[in-house]
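Reviewing the structure listed below.
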Amino acid sequence: MSRYQARNRRADALRSRAAILDAALRLLRTDPDASVEAIAIAADVTRQTVYAHFRSREQLLAAVVEQVTDETAAAMDAADPDTGPATEALLRVLDAAARTAERYPGLIQAIVTTPVSPHTDRKVHAPISERLIRVIERGRLAGEFDDRLPAEWLAMVTVKLAHAASEQVTAGRMPPEEAAQALRTTLLRALTP
3 MSRYQARNRR ADALRSRAAI LDAALRLLRT DPDASVEAIA IAADVTRQTV YAHFRSREQL
63 LAAVVEQVTD ETAAAMDAAD PDTGPATEAL LRVLDAAART AERYPGLIQA IVTTPVSPHT
123 DRKVHAPISE RLIRVIERGR LAGEFDDRLP AEWLAMVTVK LAHAASEQVT AGRMPPEEAA
183 QALRTTLLRA LTP
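Terminal number for the sequence shown in our numbering: 195, no gaps in between.
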């Protein structure tokens, strides 16, 4: 095979992978149980092509989660977490993350309800936790947040509370505005010295 043919084959594979991820995002957004077959059809590829890129539905879901995590991290960065009082910055980055999550209700439901190992959970949340820790540490230095607990712990509490708020909305137990306010109130009580 020539170098040109190999390059074309790699380009085709990258396009197929991107189409599969895009289709998975679109379908899982509203249907957390979307099948690999449905995703393949939406991506205009065969099931075999999906499995050539992702050995299982779980591996495909993990790749989609990584893509949404990257999108969430970018939204959090755009919320300017290093400016102003840490309390305000934390609420801004949480609002930015929530706006991203709102675009993927079915996917968020699938993520929250799929059991994963603690290692995988830490890995998935690492980009989000890193941004939260940065704001929390800044708030601890300024005296806005309690410095008696590790910043990593407070970041994980923040993530878990955000998931709880999302679950309440998804289950129809709270409207989004009420869940957001409950998250803010609970979180600030947990972080304030």
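Note that the Cβ used here is the ideal one computed from N, Cα and C, for glycine as well.
Close beta carbons around residue i, own chain, < 8 Å, minus the five adjacent residues each side
| i | result |
| --- | --- |
| Gln69 | Leu23 and Leu27 |
| Arg31 | Arg105, Tyr106, Pro107, Gly108 and Leu109 |
Of the listed residues the options, nearest to residue i (C-alpha basis)
| i | options | result |
| --- | --- | --- |
| Asp35 | Glu169, Ala144 and Leu62 | Leu62 |
| Ala25 | Arg12, Ala15, Val52 and Asp14 | Val52 |
| Thr194 | Pro120, Leu16 and Asp148 | Asp148 |
| Asp84 | Arg105, Phe56, Ile135 and Thr74 | Ile135 |
| Asp14 | Ile41, Ser37, His55 and Leu30 | His55 |
| Ala91 | Asp79, Gln183 and Ala164 | Asp79 |
| Asp72 | Ala99, Ala88 and Asp82 | Ala99 |
| Lys162 | Arg12, Leu96, Arg150 and Pro177 | Leu96 |
| Asp33 | Thr74, Thr187, Glu139 and Thr172 | Thr172 |
| Ala64 | Arg140, Asp82, Lys125 and Thr188 | Lys125 |
| Thr155 | Ala144, Glu169, Gln170 and Glu139 | The question names Thr, but residue 155 in the sequence shown is Trp. Of Ala144, Glu169, Gln170 and Glu139, the residue nearest in Cα terms is Glu139. |
| Ala157 | Gln170, Leu189 and Glu60 | Leu189 |
Neighbourhood of residue i by C-beta, 7 Å cutoff - its chain only, sequence neighbours within 5 removed
| i | result |
| --- | --- |
| Val47 | Ser18, Ala21 and Ile22 |
| Glu39 | Arg49 |
| Ala77 | Ala98, Ala99, Arg101 and Thr102 |
| His127 | Val161 |
| Leu29 | Ala36, Ala40, Ile41 and Ala44 |
Counted within 10 angstroms of its Cβ, other Cβ atoms place residue i as buried (16 or more) or exposed
| i | result |
| --- | --- |
| Arg133 | buried |
| Arg191 | exposed |
| Glu196 | The structure shown does not extend to residue 196, since the chain is modelled only from 3 through 195, so no value can be given for it. |
| Ser58 | exposed |
| Arg142 | buried |
| Leu16 | exposed |
| Ser131 | buried |
Same chain, Cβ closer than 6 Å to residue i, neighbours up to 5 away in sequence not counted
| i | result |
| --- | --- |
| Ala167 | Ala181 and Leu185 |
| Arg94 | Ala81 |
Under the three-state DSSP convention, the category residue i falls into
| i | result |
| --- | --- |
| Met176 | coil |
| Ala98 | helix |
| Asp72 | helix |
| Pro107 | helix |
| Pro195 | coil |
C-beta neighbour in chain D for residue i, strict 8 Å
| i | result |
| --- | --- |
| Glu169 | Looking for chain D here will not work: only one protein chain is present. |
Give, in chain order, every unbroken run of the alpha helix (DSSP H) that is at least 4 residues long and sits entirely within the region 128–152. none
Any beta strand (DSSP E) of 3 or more consecutive residues that is wholly inside the region 26–98: none
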